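Taking it in order: structure first as structure tokens, then the write-up.
In this note's numbering, the protein residues as written are 51 to 134.
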């Protein structure tokens, strides 16, 4: 076996240290992704609540338009009745 094919304990130690460093970097990245995902979930919840509030406002607006339309139709009928 030639000298360049020999793996020393120092080589193994160096590789293990590199692996540990890379593993720590990956764990940090995963944690950052998890934090962003949690923030995204929180924002999604806020958006869902806001959408619910907007939906209520839209339904209220539709109801108000329908009421005004009914009142205008009734007033129109009253106007037609008094005009005859």
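Just so it is clear, CB atoms sit at the ideal spot from N, CA and C, and this is done for glycine as well.
Since the structure is predicted, the reported quantities are computational estimates derived from the model, not experimental observations.
Span separating the alpha-carbon of residue i from that of residue j
i: residue 83; j: residue 101; result: 26 angstroms
i: residue 130; j: residue 114; result: 24 angstroms
i: residue 80; j: residue 72; result: 12 angstroms
i: residue 61; j: residue 67; result: 10 angstroms
i: residue 94; j: residue 74; result: 30 angstroms
i: residue 132; j: residue 122; result: 15 angstroms
i: residue 92; j: residue 120; result: 42 angstroms
i: residue 77; j: residue 63; result: 21 angstroms
Proximal residues to residue i (C-beta, below 6 angstroms), its chain only, five neighbours per side dropped
i: residue 124; result: none
i: residue 56; result: none
Close beta carbons around residue i, own chain, < 8 angstroms, minus the five adjacent residues each side
i: residue 97; result: none
Chain-order list of residues whose beta-carbon lies under 7 angstroms from that of residue i (same chain, five-residue window excluded)
i: residue 128; result: none
Chain D contact for residue i (CB, 7 angstroms cutoff)
i: residue 68; result: Protein chain content of the structure displayed is limited to a single chain, and chain D is not contained in it.
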